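Q: Residue 34 is where the sequence shown starts when you use the numbering used here, and the numbers rise one by one after that.
For glycine and all other residues, C-beta sits at the position ideal for the given N, C-alpha and C.
Remember, predicted model here, so these are calculated numbers, not experimental data.
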Amino acid sequence: AAYFSRLGKGKLDINAAATFTDTDVKNINVPTALAEQVLPGESIDDVASTLFNREERNRLEDALPRTKGTLGFRYSQDKFSIGTRASYFGNVEYKPVNSDNDETFDPKVLFDVDVTYEILRGTNFTVGAYNVFNTFPDEHEKDANRSFERFPYSRRVTQFGLNGGFYYGRLSFNL
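1) I think D145 touches N124, with their Cβ atoms under 8 angstroms apart; what is that distance to the nearest whole Å?
2) Taking C-beta to C-beta, are R87 and V130 nearer than 8 angstroms?
3) Hey, would you say Y121 sits closer than 8 angstroms to G102, going by beta carbons?
4) Going by alpha carbons, who is nearest to T54 out of F37, P73 and E94?
5) In its own chain, which residues sit with a C-beta less than 6 angstroms from the C-beta of L143, not counting the 5 before and 5 after it?
6) Among residues of its own chain, excluding the 5 on either side of S205, which ones have a beta-carbon nearer than 6 angstroms to its beta-carbon?
7) Tell me whether Q70 sits in a helix, a strand or coil according to DSSP, three-state version.
8) Rank E182, Y201 and D171 by C-alpha distance to the C-alpha of T137 and give the top, closest one.
9) Specify, as a first and last residue, the run of the alpha helix (DSSP H) that L93 falls within.
10) Within 10 angstroms of the Cβ of P64, are there 16 or more other Cβ atoms? Answer buried if so, exposed if not.
11) Using three-state DSSP, classify S180 as helix, strand or coil.
12) Which residue marks the beginning of the beta strand (DSSP E) containing S114, and which one marks its end?
13) From the DSSP secondary-structure annotation, give me the bridge partner or partners of D133.
14) Per DSSP, which residues does S243 bridge with? Please list them.
15) Using C-beta distances below 6 angstroms, list every residue in its chain close to S109, excluding the 5 sequence neighbours before and after it, in chain order.
What follows is the structure in structure tokens.
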């Protein structure tokens with residue numbers, strides 16, 4: 034949704050968006066010929082569980098947030114504009130093969146901000162930050178999921194990136 038209004042000598046733009054998803058794997062179809070090659074003598078269900086175990090199912094069902102939303106504001110006046118955006122990422126779940134190592138990562142909100150100055154018509158200079166408060170995902174709490182401390186953050190599930198804040202300056206031209 035988007036809305037704009039005159040505010041003082043400038044213009045205020047407001048935008049919002051949300052996504053709600055719910056993915057469930059209902060069936061796993063394994064061709065008989067493949068089942069016979071992968072695990073000869075095993076049932077189709079056993080082969081399906083081997084090829085598409087609970088960790089693989091997790092990648093489709095719970096590895097991405099089921100809820101995501103953004104709310105942004107931009108105020109423009111004369112040659113200046115300032116924008117800010119809050120992005121909400123719902124919780125995610127990590128379900129490895131061993132259910133003793135299941136973990137849930139809490140929801141997070143990231144904030145972005147930018148300021149733009151129009152130097153000349155069609156030429157702008159912007160400074161800004163994505164994830165201005167340098168928010169990181171939750172770390173794994175279970176040692177087995179950290180893989181000898183090589184992966185403090187999940188490499189299997191993620192709400193957003195692992196690099197923290199990104200700060201920038203940008204010069205743009207409209208031709």
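A: To lay it out plainly:
1) Not really, about 21 angstroms apart at Cβ, beyond 8 angstroms.
2) In this structure, V130 lies closer than 8 angstroms to R87 by Cβ.
3) The criterion of a C-beta distance shorter than 8 angstroms is satisfied by Y121 and G102.
4) The residue with the shortest Cα to Cα distance from T54 is E94.
5) Answer for L143: S120, N164 and T168, listed in chain order.
6) Cβ contact annotation for S205 (same chain, cutoff 6 angstroms, sequence separation greater than five): N157, in chain order.
7) Helix.
8) The candidate whose alpha carbon is nearest that of T137 is D171.
9) Here the alpha helix (DSSP H) through L93 covers R87 to E94.
10) Looking at its Cβ environment, which holds fewer than 16 other Cβ atoms inside 10 Å, P64 is exposed.
11) Shown here, S180 sits in coil according to DSSP, grouped into three states, outside any helix or strand.
12) Start and end: F113 to F122.
13) Beta-bridge pairing links D133 to no other residue.
14) Look at the range of the chain in this structure, 34 to 208, and you will see that residue 243 is not part of it.
15) Excluding residues up to 5 positions away in sequence, G43 and K44 lie with their Cβ nearer than 6 angstroms to the Cβ of S109 in the same chain.
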